[in-house]
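K.L.:
Sending over a structure as structure tokens; questions will come in a sec.
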Amino acid sequence: MSRKPLSRRALLCRCAHGFGGLAWAVMAAEGAASRAVNPLAVQPTHFPPKARSVIFLYMDGGPSQVDTFDPKPRLDQDHGKPLPIPAPPTQFNDNGNVLRSPWKFARHGQSGIEVSELFPHVAACVDDLAIIRSMVADQSEHTAANYQLHTGFAMQGRPSMGAWITYGIGSESQNLPGFVVLDSGLIPAGGMDNFGAGFLPAAYQGTLFRPGAKPIANVEPREASPELQRAKLALAKRLNRGLVARLGALPELEASLANYELAFRMQSAVPELTDLGQESRATRELYGLDERETAAFGRQCLLARRLVERGVRFVECLTPKLPGHDRWDQHARLFEGHRDNARATDKPIAGLLKDLKARGLLAQTLVVWGGEFGRTPMSQGATGRDHNPFGFTMWLAGGGVRGGTVYGATDDYGYFAVENKVHLHDLHATILHLLGLDHKRLTFRFSGRDMRLTDVHGEVVHGILA
Amino acid sequence: MRTPALALAVLIPGTLLSADPAATEFFEKRIRPVLVERCYPCHGPAVAQPLGGLRLSSREGLRRGGDSGPALVPGDPDASRLIRAIRYTDPRLQMPPKGKLDSQQILDFENWVRMGAPDPRSGESTEAKPRNIDFARARRHWAFQPLQATPPPPVRDARWPRGAIDRYLLARLEEKGLRPAPPADKRALLRRVWLDLTGLPPTVGETEAFLADASPQAFARVVDRLLGSPHYGERWARHWLDLVRYAETDGHEFDQDKPNAWRYRDYVIRAFNQDVPYARFLTEQLAGDLLAERRVTPDGLIDETTVATGFYWLGEIINTPVDTYQALADRIDNQIDVLGKAFLGLTVACARCHDHKFDPIPMSDYYALAGFLRSSRLRQAAADAPAVTERVRAALPDRPALPAPAKPALDGRYEVFEDFSRPDFGSWLRTGLAFGDSPTGGVAHSGRYGNALTGILVSRQFLIKQRYLHVRLAGRGLVRLFADEYTNGVRTLRGGEEMAWKTIDARMGQGNLAHLEIADLSPEEFIAVERIVFSDAKEPPANEGPTPPPPVPIRMAVPPAHFAMATADGEPQDVPVHVRGNPRNLGAARPRAFLTLFSGGEQPPIVSGSGREELARRLLRDAAPLVARVMVNRVWQHHFGEGLVRTPDNFGLTGDRPTHPALLDYLARRFIEQGWSLKQLHREMLLSAAYQMSSRPAASRAELADPRNELLHRMPVRRLEAEALRDQMLAVAGTLDRRLFGPPVPVYLSPYMDGDPRSKPPGGPLDGLGRRSLYINVRRNYLPDQMLTFDFPPPITTMGKRGVSTVAPQALYLMNNELPHLEARRWATRVAREERDPAARVRRMYLEAFARPPAPRETQEALAFFAEVRRRFPRANPLVEFAHVLFNSAEFLYVP
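Residue numbers (the working numbering), protein chains in the order written: chain B, 274 to 739; chain Z, 79 to 974.
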């Protein structure tokens, strides 16, 4: 599939014809013409973008940095001893002693970056990753942390970054939503507000694609046959044309008519998207589609590729649901939980990176991996780790990112970020930057303020840019 | 946090520091370069407003420090904030923010401070002056001016205006050489005003009656009838609920129910229906619990003034916050935000972390307001009308309290919080009659008059010091521990048959302020509490105590109590300024007061209680012009599509200016003069010629001259809101249940309404039992997808203006969702029963859906469609499919 963007010119042209000079005058007066008619119309960026789409691999629950991408030999030395640095209050405040990582780290790739044995497949792609080991956030508890990760604010009801981005630059797909969330049955704490449009228009809210044959609501006609639905829509269109003649060429009515055409196209675009029968054996193998452990997340990753191929702007893959574990949130049984979560996601993620690369899409697709926070270097109870927003790891790959990079550092225990700290606001600023948006200029007037994804914060992390 | 050592710093004179050349060299070599490189970007001489108010580019700046106090204590590194920050050991105070200095640099700074912090710099400081608000100047902003009485200007076309509103509008149109649009046709006007005032379409009978009434008063009669309709209150209550972030759950992780929140929704409906003066309506919400004059429901059962105060508690509540004091500050912030925007059209909450950047609202005013809220508490209150309560109380049998027996002493590990040995309840607040006027037999007993009575006891506030709370109790009522005014029950106990000790694990609440509730909410149960003790020991005391008598029934009918989510005064307290909005960084306490902008800088102190009644009084006395402007603008917006001020929640300097200032002030004056009557206001607006204009774009010249229709040269076409669309569908189908009030209907959970399973409620019926949309349970985490698709606002703060987006999921919903298909089937089935002839059926459907008969061409189209369906799709029902087509026509969704 190739991208078939409906160009701004074509769109305006069509609107101009549809509306007549009158509506055109209205739009000209309004300035930002195309958004008013088609909220997902492609918008100009502030500067040339490096990436055209984002795939966010959301590791729900908070994977442990010291067991994945941030090796800390000091934990082995001090294992079982009290942590010698002061610890802030944690969610459960049931803190034990220093807990070493059950996994070994080894150097990989040209860059020689250390990755733990939890991620053998991703480790093979390490030269494509820019690993930020100095992430910080403000929230120690899932819901608020999820809101901050997704929306910049630790509160319910703010626009998600996917919403901000599709608002900012529209989407290149005119048959699919601009912001898609791929779910395998595990909605993160905080629910759909993580993917909401907040005070932005509803057009930008994330659309949840569920697993199975009917991924989204209301795309399946209920009529006995598709022809009947077509006959009905044809009648509705004739009646609406009559209405336009009676009420005048009102922009609202024109937009509504165009909207039915888009909806009709979406009805066929969605089944086409989710029909993985077109994919080769090799591709299925690459994503681990036919292995029990990796099938769910593999399908999400493959759909993510198909979505960005079709021009969808922002795709988020949620963490798959694993029996016996609550996300990456291992307050106990760290070994089993992280082992199984890694096994479920490692191969699909590597498959996605390789597939995007092979298709020439990685250079224009930004892939982001991470959770809402990391975990403590000391144990919670005997076998778990508690939440830690003070220093954790995320990585980026693809469009505009310098692969094979390690950026920032935590202290000897992997508890606090101490070098080149990157706040979630900075991550947001960087993602926007790679898409050609200045996070200070991407604003929406609400409550008397020009609201931003980054509020009054955020600095682009230039150290990871290509 | 201030420590005594930090406070001392200001006493140490600068001259103490030596001008020793070695010390100077140390500074120049080791300290200054680091300051310049790592600190100056945010705290240096080139920064106009240094972060945290801290400037490190001069000796004075360092000594004076920033918003949090002095940055260093010469000679004492451990007491120096600067050193604490660079050591990175306090997660809340880490500088430089992007990364720790290397250990040698930290050592250098420590040594430097130990040396007395010698600093040869001087005079480099260009201290930014704190912004002083010039209130006299600020009051020149149009919205803060007194209401002007500008008579309507003369107009050339004297025939068009029907009243003052029209003359204000026409004058501006004529200035631009424009004419108002011609009148709308009667049918369009009727549908418009019905949907506008009641959110429902007119019935066929109503339409015919209106058409048959040729008198000039025909429309006025319709308006009066609709203003008298109970459905008016439903429609306009929903507008109000948008302003107060109305929801019936807490949101966040577990999305717990807010018990009895729906009574507030019913209160608002009744208030609109009864045309309660708007000033009174606001006063009740701010301070209803404190008002001497109570107002009860028409049936005499419920005390409205209590229910009104639920207003404060409709916001999001964070579950199990790690930092409960922060959560409390956030809750109060949301209350201030809503109060400021909804009542005053001001973004007061912008002054949380700094003085308002645009409006004359200093940060100190924010914390002066916060004091009212900090001094107020959420409670479940028996909201029965006083007369009802009195009647029951008077009829109760005389059951004197038994004396308290001596109670066995506890060992030293237990600290007694309450043992109910006193002859009265002391500081416990009571609501409901169940507990009587005092403890009995050393027990707080809700079964004193049998099980039938209900009631709640609420403790004073206390600090949770120990790890466990042990309660000796019996009965199936509840004991709940609430941490830090934090409104979720953190821990709940329920008693058993026998008196026994039970334990609450309070570890997660330790260090927080808290209160306890002893609640009997069921007419079938009781609760008896004998003692409440704290300890660090997990096991409860071994000692027993007196056993209360079992409940002794009374022989009288007790009406069921009505509990409501309400407000009560807590410990009166002023709130210290939170420096930079940080609740851990406290400045001076601000006495409670209303905004300086309106009530001045010298306000009488609040002498008793929370002071909310005084707050309401000052708001309505000193800010009345703004309060009136904001509300008339909201009403105008709902009638005319856009407000005269197009930023309805922001009348401050960054808001839009009114398109017709004189008209706005005229309406605000009228509103106040007519006793804050909303119905009078509606009437005047609806009977204007302007409201009755057609929406058809007339001359392209008008569209070009007034593309945003700011001059109102025609009526705008409006899209129905989410609720009105669904209600209209049910009404047209004939399946709408028009009953008012009551507990919410569980929300229907479509397979696509996903969310955190921990907060997933049991689902409700697809059609919501046919109830109007505002009775569907508003769960923060499970807002119905259809509502969100059609721009239902997230209940986060005041939303005076909803989005009106046009997105594919809307069309997909109407095309493919099961509800429109179901209602189309029901509609068609009814019409098929009532009309035999196909053309008559089409006609009936048009009348019901659009309040107009079909045009001949439309009838032909319909009949041709019937034939096509019969021919090509023999198994489909043509009328059902046609009904569904009408739901999908633009005319169904838009109101011309």
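C-beta atoms are modelled at their ideal positions from N, C-alpha and C, and glycine is treated no differently. Note that this is a predicted model, so its numbers are computed, not measured.
Buried or exposed for SER493 of chain Z, going by 16 or more other Cβ atoms inside 10 Å?
P.N.:
Inspection of the sequence shows that residue 493 of chain Z is occupied by Glu rather than by Ser. So GLU493 of chain Z counts as exposed.
K.L.:
If the cut is a Cβ gap below 8 Å, which residues of chain Z does ASN532 of chain B touch?
P.N.:
Neighbours of ASN532 of chain B on chain Z, chain order: THR884, VAL885, ALA886, GLN888 and ALA889.
K.L.:
Would you call PRO872 of chain Z buried or exposed, if buried means 16 or more other Cβ atoms sit within 10 Å of its Cβ?
P.N.:
By the 10 Å Cβ count, PRO872 of chain Z comes out buried.
K.L.:
Along the chain, where does the beta strand (DSSP E) that runs through PRO308 of chain Z open and close?
P.N.:
Unbroken run through PRO308 of chain Z is the alpha helix (DSSP H), 308-321; no beta strand (DSSP E).
K.L.:
Using three-state DSSP, classify THR618 of chain B as helix, strand or coil.
P.N.:
In this structure, THR618 of chain B counts as helix in the three-state DSSP scheme.
K.L.:
Applying the 10 Å Cβ sphere with the 16-neighbour rule, what's the burial state of HIS434 of chain Z?
P.N.:
It is buried - the Cβ of HIS434 of chain Z has at least 16 other Cβ atoms within 10 Å.
K.L.:
So which residues of chain B does ALA767 of chain Z contact, with C-beta pairs closer than 8 Å?
P.N.:
Those within 8 Å of ALA767 of chain Z in chain B number zero; the least Cβ separation is about 20 Å.
K.L.:
Could you tell me the alpha carbon to alpha carbon distance between ASP489 of chain Z and PHE495 of chain Z, rounded to whole angstroms?
P.N.:
For ASP489 of chain Z and PHE495 of chain Z, the distance between alpha carbons rounds to 14 Å.
K.L.:
For the segment 790-816 of chain Z, list every residue whose C-beta sits within 8 Å of some C-beta in chain B, in sequence order.
P.N.:
Of all residues in the segment 790-816 of chain Z, VAL795 and ARG797 have a Cβ within less than 8 Å of some Cβ in chain B.
K.L.:
Answer with yes or no whether the minimum CB distance from THR727 of chain B to chain Z is below 8 Å.
P.N.:
So no, THR727 of chain B is outside the interface.
K.L.:
Quick one: any contact between the segment 418-436 of chain B and the segment 462-479 of chain B, if contact means 3 or more CB pairs under 8 Å?
P.N.:
Segments in contact, yes.
K.L.:
Where DSSP assigns a beta bridge to ASN661 of chain B, which residues make up the other side?
P.N.:
Bridge partners of ASN661 of chain B: B:GLY647.
K.L.:
Is LEU700 of chain B close to chain A? Criterion is C-beta to C-beta, closer than 8 Å.
P.N.:
Any reference to chain A falls outside this structure, whose protein chains are B and Z.
K.L.:
Identify the contact partners of ASP456 of chain B in chain Z, using a Cβ-Cβ distance below 9 Å as the criterion.
P.N.:
Here the neighbours are ASP832.
K.L.:
With a cut-off of 8 Å on the beta carbons, I'd call MET831 of chain Z and TYR860 of chain Z a contact; round off their distance for me.
P.N.:
That belief holds up - the Cβ atoms of MET831 of chain Z and TYR860 of chain Z are roughly 6 Å apart, short of 8 Å.
K.L.:
Using the Cβ count rule (16 or more neighbours within 10 Å means buried), how would you classify LYS505 of chain B?
P.N.:
It is buried - the Cβ of LYS505 of chain B has at least 16 other Cβ atoms within 10 Å.
K.L.:
So, for GLU252 of chain Z: in the same chain, excluding its five sequence neighbours on each side, which residues have a beta-carbon less than 8 Å away from its beta-carbon?
P.N.:
If we look at GLU252 of chain Z and ignore the five residues flanking it on each side, its Cβ neighbours are VAL233, ARG234 and ASP235.
K.L.:
Please classify LYS543 of chain Z as buried or exposed, where buried requires at least 16 other C-beta atoms within 10 Å of its C-beta.
P.N.:
With fewer than 16 Cβ atoms within 10 Å of its Cβ, LYS543 of chain Z is classed as exposed.
K.L.:
Using a C-beta cutoff of 8 Å, does MET428 of chain B count as contacting chain Z?
P.N.:
Output row for MET428 of chain B: interface = yes.
K.L.:
Excluding the 5 residues preceding and the 5 following PHE970 of chain Z in the sequence, name in chain order all residues of the same chain whose CB lies nearer than 7 Å to its CB.
P.N.:
Taken in chain order, the residues that qualify are ALA927 and LEU964.
K.L.:
Nearest by alpha-carbon distance to ASP291 of chain Z: which of Z:SER453, Z:HIS548, Z:LEU268 and Z:GLY311 is it?
P.N.:
Of the candidates Z:SER453, Z:HIS548, Z:LEU268 and Z:GLY311, the one whose C-alpha sits nearest the C-alpha of ASP291 of chain Z is Z:LEU268.
K.L.:
Do TYR560 of chain B and GLY624 of chain B count as a contact pair if the criterion is CB distance below 8 Å?
P.N.:
Taking 8 Å as the Cβ cut-off, GLY624 of chain B and TYR560 of chain B qualify as a contacting pair.
K.L.:
Straight-line CA distance for ASN663 of chain Z to VAL327 of chain B?
P.N.:
Taking the straight line joining both Cα atoms gives about 39 Å.
K.L.:
Mind checking GLN363 of chain Z: buried by the 16 CB within 10 Å criterion, or exposed?
P.N.:
Counting Cβ neighbours within 10 Å, GLN363 of chain Z comes out buried, since at least 16 surround it.
K.L.:
List the DSSP bridge partners of SER1032 of chain Z.
P.N.:
The structure shown has nothing for residue 1032 of chain Z, since chain Z only spans 79 to 974.
K.L.:
Could you tell me the distance, in whole angstroms, from the CA atom of LYS354 of chain B to the CA atom of PHE378 of chain B?
P.N.:
Their backbone Cα atoms lie some 22 Å apart in a straight line.
K.L.:
Along the chain, which unbroken stretches of the beta strand (DSSP E) at least 3 residues long are found entirely within the segment 317-384 of chain B?
P.N.:
Segments of the beta strand (DSSP E) lying fully in the segment 317-384 of chain B: 326-331, 368-371 and 378-381.
K.L.:
Could you pull out every residue in the same chain whose Cβ sits closer than 6 Å to the Cβ of ALA216 of chain Z, ignoring the five residues on either side in sequence?
P.N.:
Closer than 6 Å at Cβ, skipping near neighbours: PRO438.
K.L.:
Where do the ends of the beta strand (DSSP E) carrying CYS590 of chain B lie?
P.N.:
CYS590 of chain B -> beta strand (DSSP E) spans 587-590.
K.L.:
Could you tell me whether the Cβ atoms of PRO650 of chain B and ALA617 of chain B are closer together than 8 Å?
P.N.:
The answer is no: Cβ separation not under 8 Å.
K.L.:
Tell me which residues of the segment 136-164 of chain Z have at least one Cβ-Cβ distance to chain B shorter than 9 Å, keeping chain order.
P.N.:
If the cut-off is 9 Å between Cβ atoms, the segment 136-164 of chain Z has nothing near chain B.
K.L.:
List the residues of chain B whose Cβ lies closer than 9 Å to the Cβ of LEU866 of chain Z, in chain order.
P.N.:
Under the 9 Å cutoff, chain B gives MET465, GLY469, ALA470, ALA475 and GLN478.
K.L.:
Suppose you measure from the CA of SER524 of chain Z to the CA of PRO627 of chain Z; what does that come to, to the nearest Å?
P.N.:
Approximately 11 Å, taken between the alpha carbons.
K.L.:
Pull up the distance between the alpha-carbon of ARG265 of chain Z and that of LEU847 of chain Z, whole angstroms please.
P.N.:
Cα to Cα, ARG265 of chain Z sits roughly 30 Å from LEU847 of chain Z.
K.L.:
By the criterion of Cβ-Cβ separation under 8 Å, what are the contact partners of ARG495 of chain B in chain Z?
P.N.:
Within 8 Å Cβ-Cβ: ASN894, GLU896 and HIS899.
K.L.:
In whole angstroms, what is the alpha-carbon distance linking PRO486 of chain Z and ARG170 of chain Z?
P.N.:
In a straight line, the C-alpha of PRO486 of chain Z is about 47 Å away from that of ARG170 of chain Z.
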